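One structure is given here, and the rest of the page talks about it.
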Amino acid sequence: MKTLTPTDSMSPAHRELYERALRRIPWGTQTNAKRYDNDFIPSRPPFIQQAKGCRMWDVDGKEYIDYRAALGPIVLGYRYDEVDAAVREQIQLGVLFSMASPLEVETAEAILETVQWADKIRFMKTGNDANACCLRLARSRTGREHMLTSGYHGYMDWFSLAWPKPGIPLALNDFVHEVPYGNLEAVERVFDRHGDQLAAAQVVPVEWGQPPSKPYLRKLREKCDEYGVALVFDEVLTGFRLGKGGAPEFFGVVPDFSAYAKGISNGYSLAAYAGKAEWMDALDETIITTTYAGDTLSLAAGKKVMEIYNREPVHEHLVAMGERLNQGFDEVFQQTDFPARMGGLPHAGAIHFDPDSGDLRQRLFDQLYSRGIFANEQWFVTYTHQASDIDETIGTLHQSIKAVL
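Just so we're aligned: the sequence shown equals residues 32 to 436 in this note's numbering.
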């Protein structure tokens, strides 16, 4: 019997483009999560040609209702008119200058006024960058080298030690202490053993798909205060999705730093690290700099996005649509006796399959993609998803389940 290869399920247009990509680009794409051979699902297209609102079209013109949101950055919706208009207006003035742009000040003020808890902010280009900056400044101010970590923070050396061949000196393992999200005992254990060596406790405030834990974040805040450690929230995914103020507003626990990226500029390449003045001012004694951090197009997008967040009920809509999706999915699972349930917050719900469900996940997702639903581990809704889009998706889930049972 012939073994199927990834290209066997592709249309001629996708196959030709994918084979060209593999000849010139390792993985065939720039982002690990966008690899077609990752978590292989035959009907998922390797390329998307365009998108608008909550919908995307592949190179064959096939339409999808999208729940991946470009891995999270699209909060308002694709090609959101006001944001794109602000970028077009700025491009007439210039993209990058020989000195700072006034937009650096204006966008910094707009973001800080939106999140409210932080004193100062600096811009970067990716979530990995922003997380790395927080750790660097924590080490600079404390003079310590160790870190507590929980969750994925990017590909940087300190955050990637778990890979089979990470290309990272093994000696770094001695400085990194990982704890599972929500595990209070693990937090106590790390601080008891290494508290006076820790520079930072760098954690995701929510692990999507798991119940959020305010006691966990409160415990981290308490232990960081006790030992003089920087509490760093990796808000690359939660920032501007949980709410305007992100995790500090949602949980009532204020960090010393937060790293932002996805959600800050609706898909334009902008990231930031923000924090309390006493921690951000460590920049007076260390250097973090990059040429493109102040590119004006992403700053113009970020400034306009903050205006929209503060003017419109964006986050109330995300919660309402997320709750409608989660409830509708759960009702379908119950009606069909399908071995799954929804979990996590409505901002990014997740399907939890029963442990003995075998290959049902892959088969279900294959049906969803083939029927025009761009499924995801976390089901991200956007401001442009409407009740009709959610209901269409719920109906398609029902059809897909009947096809695999």
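Even glycine gets a Cβ: it sits at the ideal position worked out from N, Cα and C. Being a predicted model, the structure only gives us computed values, none of them experimental.
Give the secondary structure of M187 by DSSP, where H, G and I count as helix, E and B as strand, and everything else as coil. Looking at M187 - three-state DSSP - the assignment turns out to be coil, as it is neither helix nor strand.
Buried/exposed call for K433, threshold 16 Cβ in 10 Å: Under the 10 Å beta carbon count, K433 is surrounded by fewer than 16 other beta carbons and is classified as exposed.
At what residues does the beta strand (DSSP E) containing G380 begin and finish? Run containing G380: A379 to F384, per the beta strand (DSSP E) assignment.
Taking 8 Å as the limit between beta carbons, can you name the residues of its chain near T34, skipping five residues before and five after? With a pLDDT of 46 at T34, under the threshold of 50, the modelled position of this residue cannot be trusted, and the question is left open.
Inter-residue spacing [alpha-carbon to alpha-carbon] between E354 and P73: In this structure, the alpha-carbon of E354 lies about 29 Å from that of P73.
Nearest residue (CA-CA) to E423, options G359, Y67 and T38: Ranking G359, Y67 and T38 by Cα distance to E423 puts G359 first.
So within the segment 237-280, which uninterrupted alpha helix (DSSP H) runs reach at least 4 residues, ignoring any that extend past its ends? As far as the segment 237-280 is concerned, its whole alpha helix (DSSP H) runs of at least 4 residues are 245-258.
Going by C-alpha distance, which of L215, Y186 and I79 is nearest N63? Out of L215, Y186 and I79, Y186 has the C-alpha closest to the C-alpha of N63.
Anyone know if the C-beta pair for A230 and M178 falls short of 8 Å? In this structure, A230 sits near M178, with a CB-CB distance shorter than 8 Å.
Would you report the Cα separation of A117 and A331, rounded to the nearest angstrom? Computed Cα separation, rounded: 6 Å.
G375 classed as buried or exposed, judged by whether at least 16 other C-beta atoms fall within 10 angstroms: So G375 counts as buried.
Taking buried to mean at least 16 other C-beta atoms within 10 Å of its own C-beta, is D89 buried or exposed? Residue burial is scored here from C-beta neighbours: D89 has at least 16 other C-beta atoms within 10 angstroms and is therefore classed as buried.
Three or more C-beta pairs under 8 Å: does that hold for the segment 75-94 against the segment 278-293? Three or more Cβ pairs closer than 8 Å define a contact, and the segment 75-94 falls short of that threshold against the segment 278-293.
Alpha carbon to alpha carbon, what distance is there between D387 and H184? So the two alpha carbons sit approximately 31 Å from each other.
Are L203 and D227 touching if we call contact CB-CB under 8 Å? Cβ distance not < 8 Å, so L203 and D227 don't count as in contact.
Does the distance from the C-beta atom of D265 to that of V234 stay below 8 Å? Taking 8 Å as the Cβ cut-off, D265 and V234 qualify as a contacting pair.
Rounded C-alpha distance that separates R54 from P370: About 41 Å.
Can you give the Cα-Cα distance for R437 and D361, rounded to whole angstroms? Nothing about residue 437 can be read from this structure; the chain reaches only from 32 to 436.
Closest Cα partner of R86 within the set I404, L436 and A418: The candidate whose alpha carbon is nearest that of R86 is I404.
May I have a chain-ordered list of the alpha helix (DSSP H) segments no shorter than 4 residues that lie completely inside the segment 95-164? Scanning the segment 95-164 from its first residue to its last, the whole alpha helix (DSSP H) runs of 4-plus residues come out as 112-122 and 133-146.
Cβ contact (3+ pairs, closer than 8 Å) linking the segment 260-278 and the segment 111-130: Of all C-beta pairs linking the segment 260-278 to the segment 111-130, fewer than three are shorter than 8 Å, placing the two stretches out of contact.
Spell out the partners DSSP gives L179 in its beta bridges. In DSSP, L179 forms a bridge with H208 and A232.
Cβ atoms of L314 and L428: under 8 Å apart, would you say? It is not a contact, given that the beta carbons lie outside the stated cut-off.
Short of 6 Å in beta carbon distance, which residues of its chain neighbour E280, apart from the five on each side in sequence? Order them along the chain. Cβ neighbours of E280 within its own chain (closer than 6 Å, five residues either side excluded): G274.
If I'm right that M155 touches C164 with Cβ under 8 Å, what's the distance once you round it to whole angstroms? Sure, about 6 Å apart at Cβ, within 8 Å.
Figure out for me which residue from S296, A139 and D160 has the closest Cα to the Cα of D150. Nearest C-alpha to D150: A139.
Starting from I432, trace the alpha helix (DSSP H) in both directions and tell me its first and last residue. That run of the alpha helix (DSSP H) goes A418 to V435.
Reducing DSSP to helix, strand and coil, say where A217 ends up. Correct three-state label for A217: helix.
Do the CB positions of L391 and V435 come within less than 8 Å of each other? Their beta carbons are under 8 Å apart, which means L391 touches V435 by this criterion.
Would DSSP call N404 helix, strand or coil? Residue identity differs from the one stated: residue 404 is Ile in this sequence, not Asn. In the displayed model, I404 falls within a strand according to three-state DSSP.
Could you pull the start and end residues of the beta strand (DSSP E) that R75 belongs to? Run containing R75: none; DSSP gives neither H nor E here.
With respect to the beta strand (DSSP E) encompassing W410, which residues constitute its N-terminal and C-terminal limits? W410: member of the beta strand (DSSP E) spanning Q409 to F411, first to last residue.
Measuring straight from C-alpha to C-alpha, what distance separates Q430 and A406? In a straight line, the C-alpha of Q430 is about 14 Å away from that of A406.
Report the rounded CA-to-CA distance for A101 versus G108, giving the unit in angstroms. For the pair A101 and G108, the Cα-to-Cα distance works out to about 10 Å.
Short of 6 Å in beta carbon distance, which residues of its chain neighbour E209, apart from the five on each side in sequence? Order them along the chain. Within the same chain, T180 come within 6 Å of E209 by CB-CB distance, once the 5 residues on both sides are set aside.
Flag this pair as yes or no: are the beta carbons of D91 and S40 separated by less than 8 Å? In this structure, S40 does not lie closer than 8 Å to D91 by Cβ.
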